[in-house]
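Shown next, in structure tokens, is the structure this report addresses.
And the structure:
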């Protein structure tokens, strides 16, 4: 869409497909004999291979974190605000790697891929993957790219859980672990919302027990509902109020203005959409349901539910971090009610108890959980400051 | 189920059906030519008819607020903890009235009733009813029962909205307005959750555009999902943690205990129910879906969305209360995130601005929005203390 790309964009990028033939044993005990990972990289790996940063995506993310795939793209990658020349994750200095996780639906092997054993879609046969499985597959990608140690591994939400797992499973391979909007494990409420999302999908008559592709259909309505539930939990109450709660002058004229932005200026007295928040959620949910695979959505929510690195350490998270060898930056956001600051602080406390070096920031932001994806100035500034230090380390290391 | 009923129970009660023939013009402009209201009463109306209390129910409530319908009942009415001889709403002193609201599914005329004009179920043809419509129909019931003025009108959540409307529409007919866990209107987030619930129901293939009864079926899955979403918003995060988040000793033995009470002691690595919170929500949702009418659920959520008494007063709630003539008691609960204390305080502020007499209590309670239905000791004590004063007024009035 843009005639010229912004100067601080990584520009046009082309994803690369990496094929892996060494079998990967998953946490469930199942084995993936071979698989593909779809990867994007930005910037240049230095001669010392010391300036690589791994970006881990969250529930609905993919490998396309920055830049554009073509001049026709209406939007850049999902974290373009933070990645690019002169941006906090500065591609003039860092070699940035982002991949679509296993089980995803953006090119890496997942339920929407063809199972070589059956020559049809994996669908519901794709094994449940955990955060640990992802990190193991990412370590193999690092081997492939010749990266012995990441200068930093960075992620928010489910991405932050991958960062945590990296710092525990591969202590020698991470210099800095940067996590935003993250929790040590889901709360019962988080799991409950995920279960509602899963039920929405599996209850869709177009779901066909996960074999919808064989039936030439997609359970769009179920995915839309799942996304609507998710979306509500990503936004703060106040962000929704700001977006949809202001009575416009026009609507003040309406005979029955309820002060929450009536879509058509009056009530339907039926079951049509009355409020802007409803049509917004419909629109977002519908768009999502056209591109995101339902089986992948199920997998991603289970990966969230199952995450708890303290499990192997008698429930003591600080013991899980005992061997971690990196420095940590954690960021929470004041209005995030999905993973509120207190949950992030549980990780900080465990790290301090384990004697690790931790920086922690609670950022005043109105956007709820979504804030970790947005260019909140103090947050961007904090990333810049922290990564400037990493830059100096990397060049010191290089010198 | 009990061999004998508890001494402080109102005992066995029998609902009464009241038929109304005078047409009721609804807020939507539609007219109900005739309708029935299903009513229960407890205690005795005194000679001065001054000791009557109206209880207004919330989304899923009905007329059966206290006592038992038969010795086989496993549970008493929905607010039995507060209504009975010697209880806060003391039936030794008060005549308590509770009805199933219009559009309900427990005996009053609603979508599951037969439309006399068509000789089939109203279904989706039942008109959208608002809180104001309910209060108008309740005023007619008061006329029928010979009650000129209620000693108190009491309700929580959607019930509290009816109390608010009573104090505005019928200022001379209410002595005390008691509202718990209430907001002046829904937030955009509240509306969004309601819309997800509605979409869950209407997306169920058994919904048949609301004509499921003609198809000999019920959209149970959709109602179950709607209820699951609702249920999450009624409970606090901490209540869910207390209920489902404690790792039991037994589960500590399990090979992969995630600390959030695994249902079978280990992960399924599939899409079965793994966590107790999931099976709890399933169970509650399924039970609800077998008894609660889907069209009624849609109506109730729209009544919530549409409620905003400030609408006729240029958005100024205090002006709405200008003519109110009663005393007010408002109660909020610290962990209620559906209608948090700040929302209740908006009403308190408006009442004070309007120069009304208001008592307000924020009760420390762990149970979230649901707390208003539960025997939280300080809450029960507050109701008792307040209603003791009303008792004295009523008997003074009588003397």
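Chains as they are written, first to last, in my numbering: chain A, 1 to 399; chain B, 1001 to 1399. Idealized CB from N, CA, C, for every residue including glycine. Please read all numbers here as calculations on a predicted model, not as lab measurements.
Using CA coordinates, which residue listed in the options is at the minimum distance from residue i?
i	options	result
residue 1230 (chain B)	B:1301, B:1271 and B:1185	B:1301
residue 5 (chain A)	A:24, A:74, A:36 and A:358	A:74
residue 1387 (chain B)	B:1160, B:1175 and B:1018	B:1175
residue 1215 (chain B)	B:1279, B:1120 and B:1017	B:1120
residue 122 (chain A)	A:134, A:129 and A:109	A:109
residue 1394 (chain B)	B:1143, B:1052 and B:1181	B:1052
residue 1385 (chain B)	B:1350, B:1270, B:1178 and B:1313	B:1178
residue 225 (chain A)	A:180, A:210 and A:287	A:287
residue 382 (chain A)	A:364, A:370, A:369 and A:340	A:364
residue 155 (chain A)	A:371, A:378 and A:392	A:371
Below 8 Å on C-beta distance, what does residue i contact in chain B?
i	result
residue 388 (chain A)	Correct list: empty, because the minimum Cβ distance to chain B is about 37 Å.
residue 270 (chain A)	1128
residue 281 (chain A)	1192, 1195 and 1196
Assuming contact is defined by CB atoms lying nearer than 8 Å, are residue i and residue j in contact in what I supplied?
i	j	result
residue 1132 (chain B)	residue 1149 (chain B)	no
residue 356 (chain A)	residue 307 (chain A)	no
residue 1239 (chain B)	residue 1334 (chain B)	no
residue 1064 (chain B)	residue 1036 (chain B)	no
residue 277 (chain A)	residue 1191 (chain B)	yes
residue 1097 (chain B)	residue 1083 (chain B)	no
residue 1305 (chain B)	residue 272 (chain A)	no
residue 361 (chain A)	residue 390 (chain A)	no
residue 137 (chain A)	residue 24 (chain A)	yes
residue 1380 (chain B)	residue 1085 (chain B)	no
residue 187 (chain A)	residue 1241 (chain B)	yes
residue 296 (chain A)	residue 104 (chain A)	yes
residue 80 (chain A)	residue 157 (chain A)	no
residue 129 (chain A)	residue 26 (chain A)	yes
residue 56 (chain A)	residue 162 (chain A)	yes
residue 17 (chain A)	residue 38 (chain A)	yes
residue 45 (chain A)	residue 127 (chain A)	no
residue 369 (chain A)	residue 234 (chain A)	yes
residue 160 (chain A)	residue 142 (chain A)	no
residue 1221 (chain B)	residue 203 (chain A)	yes
For residue i and residue j, which I take to be in contact (beta-carbon distance under 8 Å), what is that distance rounded to the nearest angstrom?
i	j	result
residue 152 (chain A)	residue 344 (chain A)	That belief does not hold up - the Cβ atoms of residue 152 (chain A) and residue 344 (chain A) are roughly 18 Å apart, past 8 Å.
residue 1317 (chain B)	residue 1309 (chain B)	7 Å
residue 236 (chain A)	residue 366 (chain A)	6 Å
residue 1040 (chain B)	residue 1015 (chain B)	5 Å
residue 12 (chain A)	residue 70 (chain A)	7 Å
residue 1294 (chain B)	residue 1358 (chain B)	The Cβ separation is near 38 Å, so there is no contact.
residue 1200 (chain B)	residue 200 (chain A)	7 Å
Is the shortest distance between the beta-carbon of residue i and the beta-carbons of chain B less than 8 Å?
i	result
residue 339 (chain A)	no
residue 191 (chain A)	yes
residue 251 (chain A)	In this prediction, residue 251 (chain A) has a pLDDT of 34, which is less than 50 and means its spatial position is unreliable; nothing more can be read from the coordinates.
residue 211 (chain A)	no
residue 83 (chain A)	no
residue 5 (chain A)	no
residue 278 (chain A)	yes
residue 168 (chain A)	no
residue 383 (chain A)	no
residue 59 (chain A)	no
Please decide whether residue i counts as near chain A, where near means a Cβ-Cβ distance under 8 Å.
i	result
residue 1306 (chain B)	yes
residue 1372 (chain B)	no
residue 1053 (chain B)	no
residue 1032 (chain B)	no
residue 1398 (chain B)	With a pLDDT of 46 at residue 1398 (chain B), under the threshold of 50, the predicted position of this residue should be treated as unreliable, though the coordinate-derived value follows. By this cut-off, residue 1398 (chain B) is not an interface position.
residue 1259 (chain B)	For residue 1259 (chain B), the predicted model reports a pLDDT of 40, less than 50, meaning its position is unreliable; a value from the coordinates is still stated below. With 8 Å as the cut-off, residue 1259 (chain B) counts as an interface residue toward chain A.
residue 1275 (chain B)	yes
residue 1132 (chain B)	no
residue 1012 (chain B)	no
residue 1028 (chain B)	yes
residue 1158 (chain B)	no
Please compile the residues from chain B whose C-beta is within a distance smaller than 7 Å of the C-beta of residue i.
i	result
residue 225 (chain A)	1196, 1199, 1200 and 1203
residue 244 (chain A)	1188
Taking residue i as the query, report the chain A residues whose CB atoms sit under 7 Å from its CB, ordered along the chain.
i	result
residue 1237 (chain B)	187 and 189
residue 1221 (chain B)	203
Can you pull the chain B neighbours of residue i, defined as C-beta to C-beta under 9 Å?
i	result
residue 228 (chain A)	1192, 1195, 1196 and 1199
residue 154 (chain A)	Simply none; closest approach about 25 Å.
residue 298 (chain A)	1271
Taking Cβ-Cβ distances shorter than 8 Å, what residues in chain A pair up with residue i?
i	result
residue 1240 (chain B)	187, 188, 189 and 192
In chain A, which residues lie with their C-beta within 9 Å of the C-beta of residue i?
i	result
residue 1347 (chain B)	Within chain A, no residue comes near residue 1347 (chain B); the closest Cβ sits about 15 Å away, beyond 9 Å.
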